[in-house]
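J.: The sequence shown: position 55 = 39 (our numbering), numbered continuously. Just so you know, even glycine gets a beta-carbon here, dropped at the ideal spot from N, CA and C. The structure is given below, and queries will be raised subsequently.
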Amino acid sequence: MSVTRVPATDGRQPATNQSWVLLDSASLYFRAFFGVPSSVTAPDGTQVNAVRGFLDMVGTVLSRYRPTHLVACWDEDWRPQWRVDLIPSYKAHRVQHMERQHTERQDAEDQDAEGQSAAEDVPDALPAQVPVIAELLEAFGIARLGAPGCEADDVIGTLVATLPAAARCDIVTGDRDLFQLVEETRPVRVLYIGKGGVRDPDIVDAAWLRRRYGIEGGDAYADLAVLRGDPSDGLPGVGGIGEKTAATLVSRFGSLEAILRAADARQNGVTVLQRTKLAQAADYLRVAPTVVRVLRDADLPRVDATVPARPAHPRVVEELAVRWGVTGSVRRVTEALADAAAGPARPAP
């Protein structure tokens, strides 16, 4: 794919002074939706728990890390066809879940039309909140970036690849897949919110990967992920090879390619059972690396990622805050923008 280079600076900061934060937006608003009570609603009764939770996360990140640049990276396609063509099971269970929700919604509507009580657990209230989040980001002047046929992970991977080598970059996500972007020679790390949330994330850098898995860098993590698989994404992995064994093999041989060479050559370090399992998974292993690895060359439009010192469209922000009943969260983001403008405060690993 061709690359449209995202501006690395607004002309005020040299690369060594740039501090970027890249938000895996879907990961954040999914976490917000399931972490904030559904009783959080707008004045008209519309559920806005994901909106409030997302804004609160953005405010926390801005205040704590004070980046010079911020991008809310977006899923333009959460299940790209090119990945599905390689592994048809990729995120297939999520499609089934959505179809089941649609059927339940139709059944509930039919029951309601017949004068019966509608099912309580009807539609997922998250999709309707996503455009509200996008509208608020635009009003604040916070860059939002997606690419056709790409997931947010691919946008993040491309941004990391195109940033100046000296620019510091933090990726905020609850998705371990993005550990593959950690680099030994560049200040790129992942703030993993899977356990402690944005207030107490695991700060994943090369040293963390070494301690946790015994592997060297993000590329090695991608190979580990291929072997291990991920049921939540419909990736089967190699049967009989879990995370611990995958980490041991990658640590021992350095890469998936080297593991497969060692298995073919019947070298020590790969057991007979492991060789058998790898051979049985040959078709999967031919395509899985392409599916698991994020793109580094997505076609991205130009955006100004500079963190604004104040909302770009204050009247619109105020109107949206009142309409959706999120005045407190909007106020915190507004204050956090001013905090970020006061200067970077990226904590050490």
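#1: Contact between the stretch 298 to 311 and the stretch 150 to 162: three or more CB pairs below 8 Å?
#2: For the stretch 149 to 223, which segments carrying the alpha helix (DSSP H) assignment without a break, of at least 4 residues, lie completely within its bounds, in sequence order?
#3: Under the three-state reduction of DSSP, which class applies to S11: helix, strand or coil?
#4: Please confirm whether H77 has its beta-carbon closer than 8 Å to some beta-carbon of chain C.
#5: Is it a yes or a no for the stretch 117 to 134 touching the stretch 265 to 285, going by three-plus beta-carbon pairs under 8 Å?
#6: Tell me, please, which residues DSSP counts as bridged to A127.
#7: In its own chain, which residues sit with a C-beta less than 8 Å from the C-beta of L165, not counting the 5 before and 5 after it?
#8: From the DSSP output, read off the bridge partner residues of Q31.
#9: Ignore the nearest five residues each way along the sequence and tell me which others in V310's own chain have a CB closer than 7 Å to its CB.
#10: Among residues of its own chain, excluding the 5 on either side of D186, which ones have a beta-carbon nearer than 6 Å to its beta-carbon?
#11: Tell me where the alpha helix (DSSP H) around L110 begins and ends.
#12: Starting from the Cα of A324, find the closest Cα among P51, S313, M41 and V182 and give me that residue.
#13: Excluding the 5 residues flanking V79 on each side, which residues of the same chain have their C-beta closer than 8 Å to its C-beta?
#14: Assuming R48 contacts V275 (C-beta within less than 8 Å), just tell me the rounded distance between them.
#15: Looking at the secondary structure, which residues open and close the alpha helix (DSSP H) in which S235 lies?
#16: Buried or exposed, going by whether 16 or more other CB atoms sit within 10 Å of the CB of A322?
#17: Quick check on DSSP: helix, strand or coil for L340?
#18: Just the Cα atoms here: how many angstroms apart are C57 and P220?
#19: Per the DSSP calculation, V5 is bridged to which residue(s)?
#20: Based on the DSSP output, what are the partners of T290 in its beta bridges?
#21: Taking L7 as the reference, which of A118, I225 and R236 has the closest Cα?
#22: Three-state secondary structure (DSSP) at P273?
#23: In the structure shown, what three-state DSSP assignment does Q251 receive?
#24: Report the three-state DSSP secondary structure of G312 (helix, strand or coil).
#25: Could you pull out every residue in the same chain whose Cβ sits closer than 6 Å to the Cβ of A289, ignoring the five residues on either side in sequence?
T.: For this structure:
#1: no
#2: 190 to 197 and 201 to 212
#3: Taken through DSSP and simplified to helix, strand or coil, S11 comes out as helix.
#4: Considering every chain present, this structure includes no chain C. It has just one protein chain.
#5: yes
#6: V55
#7: I140, G141, V144, I155, V172, V174, G202 and V278
#8: T25
#9: Within the same chain, and ignoring the five residues on either side of V310 in sequence, the residues whose Cβ sits closer than 7 Å to its Cβ are V32, V35, R36 and L39.
#10: If we look at D186 and ignore the five residues flanking it on each side, its Cβ neighbours are Y176.
#11: First-last for L110: undefined, no H or E at that position.
#12: P51
#13: R63
#14: Not confirmed; about 33 Å, so no contact.
#15: E227 to F237
#16: In the assembly as shown, A322 is an exposed residue. Its beta-carbon has fewer than 16 other beta-carbons within 10 Å.
#17: Residue 340 is absent from the structure shown; the chain starts at -15 and stops at 333.
#18: 27 Å
#19: L54 and D154
#20: H53
#21: A118
#22: helix
#23: coil
#24: helix
#25: Within the same chain, A289 has close Cβ partners H53, V55 and A127.
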